[in-house]
Structures are given as structure tokens and as C-alpha cells.
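Taking our numbering, I'd label the letters of the sequence shown as residues 9 to 200. For reference, the structure discussed in these notes is given below.
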Amino acid sequence: MDLEELSREILTCAKCPLHKYRTNAVPGEGSMKLGIMVVGEAPGADEDRTGRPFVGAAGRLLTEALARLGVSRGDVYITNVVKCRPPNNRTPTREEVEACLPYLLRQIELLRPRRIVALGLTSAKTLLPLVGKMVEKIGDVRRGCFRGRVAGVEVEICATYHPAAVLRNPRLKEEFMGDLAAFLGGGLERFF
9 MDLEELSREI LTCAKCPLHK YRTNAVPGEG SMKLGIMVVG EAPGADEDRT GRPFVGAAGR
69 LLTEALARLG VSRGDVYITN VVKCRPPNNR TPTREEVEAC LPYLLRQIEL LRPRRIVALG
129 LTSAKTLLPL VGKMVEKIGD VRRGCFRGRV AGVEVEICAT YHPAAVLRNP RLKEEFMGDL
189 AAFLGGGLER FF
């Protein structure tokens, strides 16, 4: 199965109740030009409407942040842990995450990123245990990168705030930008 076939499978998925509420599933988009995958929580209303990840307000902030760092959003692969929008933008349940996790693992296997940037707590709590790091709050792991093997791929997983959290609390923007600069520029402050 290639990425296009996987995307088609995601678009028709009915493994959890979220498919009943979606307009569009959102597989992901971008490239591996920089070897980086960006993983958020779940699509929001704009993403559900368009079928594209990170196109709402949080997506505009992410795109702006990448551009300020000299990175085109098309040069990284952007996806979410959960591929369908939870009602009222609530946090996905464990069951919803577990239903979608095989898709994310297959994306990692097919794309073979060298680094994954986990945006927010749901993404960090889903990805970091795969490399042996347990997470309770984003501050526990923010700005750190953790190495391990995921879906047969040697990868570093780095975590920071979700752009939606930055929109709710603008004081986080400087830290968010600093984290992205470290993760995307390779000048990582520390490894675990």
C-alpha cells in the first residue's frame, strides 16, 4: 500500500463513531523534502470542510511560524493523530485515537521521517510512549526530542504547544517559535 492508497482508505474509514459526524476525513498533506512530519490532534471545522490539515486559525499560525523560519508548509508533511473532527472540537477519546493510530503508524512507515514534531498534548501522549517516554503534560517534554524506532523507522519525536493553545494564550508564542526553530533547524537544545 502506498500513501495515496492509504489516504483513500482513511477517506472511507468507519472504524469509530467519528465518521458519522464528518464532512471529510483529513489524511494529511505535504512532502518529506525536509524529512519532517508535523502531527497535531484532530481536524477542526475548517479542516473538516476542506479535507486539508491545519487550514483554520491554528493552521494559519503554523504556516506563518514555518514561513518565519524559512520553511514552506509544503516541505513538511502535516497530519493529525485522529483523521476526523470530533464533535464540538472536543479532545479525541482514547478509543478514537486507537482507531486512527494504525493510519498514523502506516504514514510514518511510508514517509520515513527523521523527525516528528508533536503539536500539543494529544499528539505527544500518542507518539512519545512509542519511544518509551510517558507524558502527563506538555511542559514535561516540551523542547526535548526523544529518539526511538516507530513503525520500523528510526525517528526523533519532539513536542511543543499546539498552535490553538498559542492562539488562546499569546504569551506562549515566543516559546512555540523557539521550539519550532530548534526542531526544524536541527539546533536542538537537548536530547533524551
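Don't be surprised by glycine CBs; every beta carbon is placed ideally from N, CA and C. Note that the coordinates shown come from a computational prediction; the quantities given were computed from them, not determined experimentally.
For the alpha helix (DSSP H) containing I116, list its first residue and its last residue.
-> Where I116 is concerned, the enclosing alpha helix (DSSP H) starts and stops at 102 to 119.
May I ask you to report which of helix, strand or coil DSSP gives L77?
-> coil
Compute the distance between the beta-carbons of P35 and T87, then report whether it is under 9 Å.
-> yes
Limits of the unbroken beta strand (DSSP E) element including E13 | That residue, E13, is in no beta strand (DSSP E); its alpha helix (DSSP H) goes 11 to 19.
Name, in chain order, the residues that DSSP records as bridge partners for F154.
-> I165
Does the Cβ-Cβ distance between Y29 and C108 come in under 9 Å?
-> no
In terms of alpha-carbon separation, which member of C21, I18, P100, G43 lies closest to G52?
-> P100
Count the other CB atoms within 10 Å of the CB of F199; is the residue buried (16 or more) or exposed (fewer)?
-> Because F199 sits at a pLDDT of 32, beneath the cut-off of 50, its placement in the model cannot be relied upon, and the following sentence gives the value as read from the coordinates. Counting Cβ neighbours within 10 Å, F199 comes out exposed, since fewer than 16 surround it.
Smallest Cα separation from L119: which of M142, V84, N96, R98?
-> The option with the nearest alpha carbon to L119 is V84.
For D56, which residues from the same chain have a beta carbon less than 8 Å from its beta carbon, with the 5 sequence-adjacent residues on both sides left out?
-> R30, T31, N32, V34, C92, R93
Go ahead and label K133 buried or exposed: buried means 16 or more other beta carbons lie within 10 angstroms of its beta carbon, across all protein chains shown.
-> buried
For L138, which of K145, I165, D10 has the nearest alpha-carbon?
-> I165
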